[in-house]
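> I am attaching a structure below and will ask some questions about it afterwards.
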Amino acid sequence: MFDLGWQELLIIAIVTLIVVGPKDLPRLFNKAGKLVGNIKQISREFFDKVNEAAEVDEINELKTSMNDVADFDSFEDNKSHDTSLRKVEKKKKIIPKKRKKVLKKNNKTS
2 MFDLGWQELL IIAIVTLIVV GPKDLPRLFN KAGKLVGNIK QISREFFDKV
52 NEAAEVDEIN ELKTSMNDVA DFDSFEDNKS HDTSLRKVEK KKKIIPKKRK
102 KVLKKNNKTS
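Here is the structure:
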């Protein structure tokens, strides 16, 4: 992250020990640990809120797309398809009867 090697970390530790002193060093580490913990908690909450907002947006997009599909297949559009399907079904019923008659005629003649 900061691209620090072990030599740089050793120099930072020595300077910190000299500036702060060995007596106050544990208190400094305690405060630094609490600060890092607070920063992690804030970043976690931020990412949770962002993910929550993204999920809400995805749900809204799904709702609108489903409404678009429902509007596309309205009852009036399907009504014309229904009648044409019924006509086809009627034709299917008529055709086999005619075939039977034709088959009977062919059988009688042969």
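Numbering-wise (my numbering), the sequence shown opens with residue 2 and increments by one.
Cβ coordinates follow ideal geometry from the N, Cα and C atoms, glycine included.
Tell me which same chain residues have a C-beta within less than 7 Å of the C-beta of Ala33, skipping the five on either side of it?
For Ala33, where only same-chain residues beyond five positions count, there are no Cβ hits under 7 Å.
> Given this structure, state the Cα-to-Cα distance separating Gly6 from Gly22, to the nearest angstrom.
C-alpha separation (whole angstroms): 24 Å.
> For Lys24 and Phe30, what's the separation of their Cα atoms in angstroms?
Computed Cα separation, rounded: 12 Å.
> Start and end of the alpha helix (DSSP H) containing Leu18?
Where Leu18 is concerned, the enclosing alpha helix (DSSP H) stretches over 7-21.
> For Val18 versus Leu26, is the C-beta distance shorter than 8 Å?
For the record, residue 18 in the displayed sequence is Leu; it is not Val. Yes.
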